[in-house]
Structures are given as structure tokens and as C-alpha cells.
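J.: Those protein sequences? They're chains A and B, same order as listed. Numbering-wise, this note's numbering comes out as the position in the first sequence, counting from 1, plus 3. Numbering-wise, this note's numbering comes out as the position in the second sequence, counting from 1, plus 3. Where a beta carbon is used, it is the ideal one built from N, C-alpha and C, also for glycine.
2 protein chains.
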Amino acid sequence: MDRIGRYEFLAEPFHCDFSGRLFLGHLGNHMLNAADFHSTDRGFGMRRLMTMQRSWVLSRLAIEVCEMPQQYERFIVETWVESAMRFFTQRNFRVVSTDGNKVYAYGRSVWAMIDTATRQPTDIMAIDGGALKEWIVADKECPIEKGGRVRIDLTNAALIEEVKTAYSDVDINGHVNSVKYIEHVLNLWTIQWHSSHRIRRFEIAYVAEAHAGDTLQMLTEQKRAKMLNDDGEQLIAIMKDGEKEVARCRLVAEAMADD
Amino acid sequence: MDRIGRYEFLAEPFHCDFSGRLFLGHLGNHMLNAADFHSTDRGFGMRRLMTMQRSWVLSRLAIEVCEMPQQYERFIVETWVESAMRFFTQRNFRVVSTDGNKVYAYGRSVWAMIDTATRQPTDIMAIDGGALKEWIVADKECPIEKGGRVRIDLTNAALIEEVKTAYSDVDINGHVNSVKYIEHVLNLWTIQWHSSHRIRRFEIAYVAEAHAGDTLQMLTEQKRAKMLNDDGEQLIAIMKDGEKEVARCRLVAEAMADD
């Protein structure tokens, strides 16, 4: 079996925004689906891990968009493991047109493996004698920054919005799902802003879990609050119930030229 | 070409709720995708209509669930045109397992055709000399109630919740998309309620369009407000900006036996 997985998806109409382009959250969802299919097909998927009291946990996701697929376009999400250590593995993504001629996006992700009983990190290499290493593709290019810790100074933070989470936010683990955070963050900007800016890079680090009913606070640094509608870098921290940090995002937005 | 369309879908992990079952909104989305594929394959799809200054508009959707597909299950959405008149056509759905042995759900929908310039209803039979009639399947069973007007007495309504719509709610027409209404309505109930009740029937009638930024009021009749957490029938009216009705829903929920 090829070490690189390739999975085809469709930009469904209800997964596209006002401009007819795929929502970034849905692109992220397709990447996570591809990761799941790839690992399942190669023997280290979520369902098998569950039987071993283990689970993959997404720690970080970074997406850089060249051009978003348009409504009804079919596209391929390629995914492969770039590296694997004891407590973290890096998985990359490349989103291309079905003929392979156009690159829509790249992605990078970092995953940990936890013990589902203790919720503590466990040794990835303990699974099948480190079999994951056999799937590493070290030489396939993923020409986007890795992205590290998102630095936000929260000592003087400005509240942008509060979001009450509900039934539809929550996955089978009872946690607010990774894709819904992306959706909630992009909702901080109006359609008017989205129609004159495009998200070139979106980066999210998952810090702790939130549950249905938790109220999320979307914050930025005080000094950045008045630049929220500018282009360039935006930093968003997500807290729950005013005290605990749940996730951090870094966006890079570009102003679009008028048509 | 068969008059009945059959399209396969997967219950993706992030499209499943806390119980590992497909969200009803996503089932609705798959039905609407199937409708779109079916009509496109047969020459009366949205993209061709757009070139003729016409568009399909979903007027009503009713879904009855026997059993929701579980995470990772593949299923088939069958769809066919039951009847077609000058201003409305009825399209049905049957959701079955890939081996055809298990029925997950049935659906009924009513569609109008509008002139995209005037937004007024137009004659469906004017398209290709009434060619839609050739696709009618009158004898395939869809054993669920048609459902008519949802009657709600709004003279004495109780506000349940307000929902501010945002970027991710809106489709290519700039309108809050049909699937997002289902999501917002099901969010009116807590996970605790959803874990002890299942939605047997969900019915929605689309009355007017809402746009990003509109605040939706979710209302029920005053006398029903205290029964909102009971089983049985629930009636929800959706208004925008406190004055204009946007949609009406009728749910039938069943209390589940304790495990």
C-alpha cells in the first residue's frame, strides 16, 4: 500500500460560503476524514485504537489556502505521516484538483495518542512495535511553515464575542469538535469582511476540552482589538467559562483587490 | 436512466452527535445533495436552471427517522419525483443501508421554481415542455405523512432563544441555508434531553429568507412553553428581527427507555 493516502471529496453546495467557495471548516473536516481513512487503511485507525484503550488526539492544525475549491468541484486530499516520535506524530496534507494540476491548499497537523481511561499521553511506538514508522514519508514537500506555539498575551485581553456551545457542537466524546472551533472563529468576522479578505493561513492549537453548554469567550490582545478588521495577522484565544483556555488560533488574512 | 436516483454517503465522524449517530441536519444535507445529483443527472439541475434564470427553492422538508446511521456506516439515499404541478413538485427520499435491508429514514419535500431576477414563482412545466413529468414515479411507497401547514398561534408566543446568524450560516445566495435552520432548532434542546429522547419526525416549512447578521427568534406557543422538554409534538416558529416569520417547524419526539 502506498504510504501516501489519496481521497476524493466534493465541494457540496451547503458546504460553500456566500462566494461559492468551500468553508475552511469543511476543508479541515475533509483533511481530518482523510487522516482517519489513511490511518484506518494502514492499521492504526481510531476504531482499532479504541479496542486497545487508545485514541488519537489532534493537538495542532495549520492550513494554508492557495485557492478554495468552488461549489461542485471534486478534489483530492493527499495525506501522509511526515514524522513520528514517542508522544507526537506529524501528518501533512496537500489538497489538489482531481487531475493533479492545481493545488488548493496544504495542511500540517500534530497528533498525540492518549490512554482513553486516564486521558494521559501514551507512547505511540508501543503500538505494533512502532509500526507507524514504516509509513513515514520524509521527502514529500509540504511548503508551509510548521507553526509553533501561538503567543498571545492574555494579561490584558479584549473580549470579542461569547459563544454558547450546544448539541450540534459536540462529538461522540462529548467534546466540542475540532471543526466547530474553526467555524466559530471565522464567524467573528462579518460577511462584508469575508468578502474583502481571504484567509491565507489558519492555525489552531487545541489546549483543553470544552463540552456542550460551556460558554466560549473569544479574546484577542487589547492592543490588537482595534486591528481586528485589518489584514495581516490575527490572534484569537478561546477560553471557557471565563477561566480556562481551550484553544488558540492564529490567522493570516489578505485584503483582496476590488473586482 | 432510472427514474429513481441512488447515491451513497458515509456517516462521517464529525457529522455524528454525542451518541455516535448522524446529526439530523447532516441527514437533511445528504437528502438535498441527492436531490441535486438526481436533478442534475436528468437535465433539470440547479446549474442548468441558473443559465435559464430559474432556480429550485425548497419550500418544505419532512424527515421521519426509523434509526439514524451510526458513525462510519455507509448508506444510500434514494430519491424520486412523486408528482409535479405547475408551481410545485414533490420529491421523496428513502434512506437505506447499502445492502438495502435496513431503512434508516424517509423524507418528503416540496419545491417551487422561481425566476432568479424577480424571485417570483414560475411555471415548472415551461422547462423543456414539461419534461419533468417523464421522471415521475407515482407508485414507489413513501409511508410517511405529507404534513401540511404547521399551525402555530403566535398571538401569544413565548421566546425560547435568540440566535445571531453569521458567516457560516449563509449559502451562495446570501441566505441562511436550509440545513442550518435544522441545526439551530435542534440546539434548543440540551444534550441531556437529546440523550433521553429521539426525534421521530422533523418537519420544516420555509416561509421567508434570512441573511447573515439577522437575529432569529425561536418561539413556541405560550401554552406549549412549559412542555418543551416533554415528548410528543413540539412546534417552533422562527422569526427574524422580531417581526417577520422565516420558518416553522414541527417535531415529534419520543422518550427513550432507559438502558
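Verify the CB distance criterion: does Glu42 of chain A have a CB-CB separation below 8 angstroms to chain B?
T.: Numbered from 1 along the first sequence, position 39 holds the residue referred to as residue 42 of chain A. Note that residue 42 of chain A is Ser in the sequence shown here, rather than Glu. By this cut-off, Ser42 of chain A is not an interface position.
J.: If you draw a straight line from the alpha carbon of Gln237 of chain A to that of Gly216 of chain B, how long is it in whole angstroms?
T.: The count along the first sequence starts at 1 and reaches residue 237 of chain A at position 234. The count along the second sequence starts at 1 and reaches residue 216 of chain B at position 213. For Gln237 of chain A and Gly216 of chain B, the distance between alpha carbons rounds to 22 angstroms.
J.: Could you check whether the Cβ of Trp83 of chain B sits closer than 8 angstroms to any Cβ belonging to chain A?
T.: The sequence position of residue 83 of chain B within the second sequence is 80, counting from 1. Chain A contact via Cβ: absent.
J.: What are the boundary residues of the alpha helix (DSSP H) that Gln225 of chain B is part of?
T.: Counted from its first residue, the second sequence places residue 225 of chain B at position 222. Gln225 of chain B -> alpha helix (DSSP H) spans 225 to 228.
J.: Quick one: measure Cβ to Cβ for Val80 of chain B and Val68 of chain B, integer angstroms, because I've assumed they're closer than 8 angstroms.
T.: For the purposes of this step, residue 80 of chain B is identified with residue 77 of the second sequence, where counting begins at 1. For the purposes of this step, residue 68 of chain B is identified with residue 65 of the second sequence, where counting begins at 1. With a Cβ gap of about 13 angstroms, Val80 of chain B and Val68 of chain B do not count as contacting.
J.: Closer than 8 angstroms by beta-carbon distance: list the chain B residues that pair up with Cys19 of chain A, in chain order.
T.: Against the first sequence, residue 19 of chain A aligns to sequence position 16. Result: Asp174, Ile175.
J.: Closer than 7 angstroms, Cβ to Cβ, to anything on chain B: give me those residues from the stretch 145 to 174 of chain A, in chain order.
T.: So the close ones are Ala169, Tyr170, Ser171, Val173, Asp174.
J.: Do the stretch 244 to 252 of chain B and the stretch 128 to 147 of chain B meet, that is, are 3 or more Cβ pairs less than 8 angstroms apart?
T.: Too few Cβ pairs lie closer than 8 angstroms, so no.
J.: State yes or no: is the beta carbon of Phe26 of chain B nearer than 8 angstroms to at least one beta carbon in chain A?
T.: Stepping through the second sequence from its first residue, residue 26 of chain B is reached at position 23. Output row for Phe26 of chain B: interface = yes.
J.: If you check the beta carbons only, do Pro72 of chain A and Tyr109 of chain A fall under 8 angstroms apart?
T.: Taking the first sequence and counting its residues from 1, the one referred to as residue 72 of chain A is at position 69. Taking the first sequence and counting its residues from 1, the one referred to as residue 109 of chain A is at position 106. No. Outside cutoff.
J.: Helix, strand or coil for Ser86 of chain A per DSSP?
T.: Walking along the first sequence from the start, residue 86 of chain A turns up at place 83. Correct three-state label for Ser86 of chain A: strand.
J.: Report yes if the CB atom of Thr168 of chain B is closer than 8 angstroms to the CB atom of Ala213 of chain B, and no otherwise.
T.: The sequence position of residue 168 of chain B within the second sequence is 165, counting from 1. The sequence position of residue 213 of chain B within the second sequence is 210, counting from 1. Yes, they are a contact pair.
J.: Is the beta carbon of Trp138 of chain B closer than 8 angstroms to that of Leu61 of chain B?
T.: On the second sequence, residue 61 of chain B is found 58 positions in, with the first residue counted as 1. On the second sequence, residue 138 of chain B is found 135 positions in, with the first residue counted as 1. No, the pair does not count as a contact, with Cβ atoms beyond the cut-off.
J.: Using DSSP with H/G/I as helix, E/B as strand and the rest coil, what is Lys243 of chain A?
T.: Here the question's residue 243 of chain A lines up with position 240 in the first sequence. It is a strand residue.
J.: Tell me, which residues are paired with Asp118 of chain B by DSSP?
T.: Along the second sequence, one-based indexing puts residue 118 of chain B at 115. Beta-bridge pairing links Asp118 of chain B to B:Arg57.
J.: Within 8 angstroms of any Cβ in chain B, is that where the Cβ of Phe232 of chain A sits?
T.: For the purposes of this step, residue 232 of chain A is identified with residue 229 of the first sequence, where counting begins at 1. In the sequence under discussion, the amino acid at residue 232 of chain A is Asn, which differs from the Phe named in the question. Output row for Asn232 of chain A: interface = no.
J.: Taking the alpha carbon of Asn95 of chain A as the reference point, which residue from A:Ser112, A:Met221, A:Arg89 has its own alpha carbon closest?
T.: Numbered from 1 along the first sequence, position 92 holds the residue referred to as residue 95 of chain A. Checking every option, the nearest Cα to that of Asn95 of chain A belongs to A:Ser112.
J.: Is the beta carbon of Phe12 of chain B closer than 8 angstroms to that of Phe78 of chain B?
T.: One-based indexing of the second sequence puts residue 78 of chain B at position 75. One-based indexing of the second sequence puts residue 12 of chain B at position 9. Yes, these two residues count as a Cβ contact at 8 angstroms.
J.: By alpha-carbon positions, which one of A:Asp172, A:Glu76, A:Gln123 ends up nearest to Trp192 of chain B?
T.: Here the question's residue 192 of chain B lines up with position 189 in the second sequence. Ranking A:Asp172, A:Glu76, A:Gln123 by Cα distance to Trp192 of chain B puts A:Asp172 first.
J.: Assuming Glu165 of chain B is part of the beta strand (DSSP E), what are its boundary residues?
T.: Here the question's residue 165 of chain B lines up with position 162 in the second sequence. Run containing Glu165 of chain B: 160 to 167, per the beta strand (DSSP E) assignment.
J.: In its own chain, which residues sit with a C-beta less than 8 angstroms from the C-beta of Gly46 of chain B, not counting the 5 before and 5 after it?
T.: Taking the first residue of the second sequence as 1, we reach residue 46 of chain B at position 43. The residues are Asp131, Ala134.
J.: Ordered along the chain, which non-local residues of its own chain (more than five positions away) have a Cβ less than 8 angstroms from that of His197 of chain B?
T.: Position 194 of the second sequence, counted from the start, is the residue given in the question as residue 197 of chain B. Result list for His197 of chain B: Asp20, Phe21, Ser22, Leu189, in chain order.
J.: What does a CB cutoff of less than 7 angstroms around Val210 of chain B pick up in its chain, not counting 5 residues either side in sequence?
T.: Looking up residue 210 of chain B in the second sequence gives position 207. Cβ neighbours of Val210 of chain B beyond the five flanking positions: Glu248, Val249, Ala250, Arg251.
J.: Give the DSSP-derived three-state secondary structure of Tyr170 of chain B in the structure shown.
T.: What you label residue 170 of chain B is simply residue 167 of the second sequence in a count that begins at 1. Here Tyr170 of chain B sits in helix by DSSP.
J.: Quick check on Phe21 of chain B: does DSSP put it in helix, strand or coil?
T.: Indexing the second sequence from 1 puts residue 21 of chain B at position 18. Phe21 of chain B: coil per DSSP, three-state reduction.
J.: Give me the chain A residues within the contact set of Ala215 of chain B, using Cβ-Cβ distance strictly less than 8 angstroms, ordered along the chain.
T.: Translated into the one-based positions of the second sequence, residue 215 of chain B becomes position 212. Here the neighbours are Phe21, Thr193, Ile194.
J.: Between B:Ile202, B:Asp244, B:Lys226, B:Ile127, which lies nearest to Val255 of chain B when the distance is taken from Cα to Cα?
T.: Taking the second sequence and counting its residues from 1, the one referred to as residue 255 of chain B is at position 252. For the residues B:Ile202, B:Asp244, B:Lys226, B:Ile127, the minimum Cα distance to Val255 of chain B belongs to B:Ile202.
J.: Can you list the residues of chain B that Asp244 of chain A reaches, using a CB-CB cut of under 8 angstroms?
T.: Along the first sequence, one-based indexing puts residue 244 of chain A at 241. Within 8 angstroms Cβ-Cβ: nothing; Asp244 of chain A doesn't reach chain B, min ~16 angstroms.
J.: With a threshold of 8 angstroms between beta carbons, is His200 of chain B in contact with chain A?
T.: Working through the second sequence from its first residue, we reach residue 200 of chain B at position 197. No, because no Cβ of chain A sits closer than 8 angstroms to the Cβ of His200 of chain B.
J.: Who are the near neighbours of Arg9 of chain A in its chain, counting only those whose CB is closer than 7 angstroms to its CB and skipping five residues on each side?
T.: To locate residue 9 of chain A, count along the first sequence from 1; it is residue 6. So the qualifying residues of the chain are Ile79, Glu81.
J.: Counting only beta-carbon separations shorter than 8 angstroms, does Val99 of chain A have a partner in chain B?
T.: Residue 99 of chain A sits at position 96 when you count from the first residue of the first sequence. Not an interface residue.
J.: Which residues in the same chain as Gln123 of chain A place their Cβ atom closer than 7 angstroms to its Cβ, once the five residues preceding and following it in sequence are excluded?
T.: To locate residue 123 of chain A, count along the first sequence from 1; it is residue 120. Excluding positions up to five away in sequence, the list reads Ile117.
J.: Can you give me the start and stop residues for the beta strand (DSSP E) that Val98 of chain B sits inside?
T.: Numbered from 1 along the second sequence, position 95 holds the residue referred to as residue 98 of chain B. Looking at the DSSP string, the run of the beta strand (DSSP E) that includes Val98 of chain B is 92 to 100.
J.: Spatial neighbours of Asp44 of chain A within its chain, please: CB distance less than 8 angstroms, with the 5 preceding and 5 following residues excluded, ordered by chain position.
T.: Residue 44 of chain A sits at position 41 when you count from the first residue of the first sequence. So the qualifying residues of the chain are Met4, Gly8.
J.: Quick check on this structure: which residue in A:Arg6, A:Asn104, A:Thr119, A:Glu76 has the alpha carbon closest to the alpha carbon of Arg51 of chain A?
T.: In the first sequence, counting from the first residue as 1, residue 51 of chain A sits at position 48. When only C-alpha atoms are compared, the closest one is A:Thr119.
J.: In angstroms, rounded to a whole number, what distance separates the CA positions of Val166 of chain A and Leu222 of chain A?
T.: For the purposes of this step, residue 166 of chain A is identified with residue 163 of the first sequence, where counting begins at 1. For the purposes of this step, residue 222 of chain A is identified with residue 219 of the first sequence, where counting begins at 1. Rounded to the nearest angstrom, the two C-alpha atoms are 11 angstroms apart.
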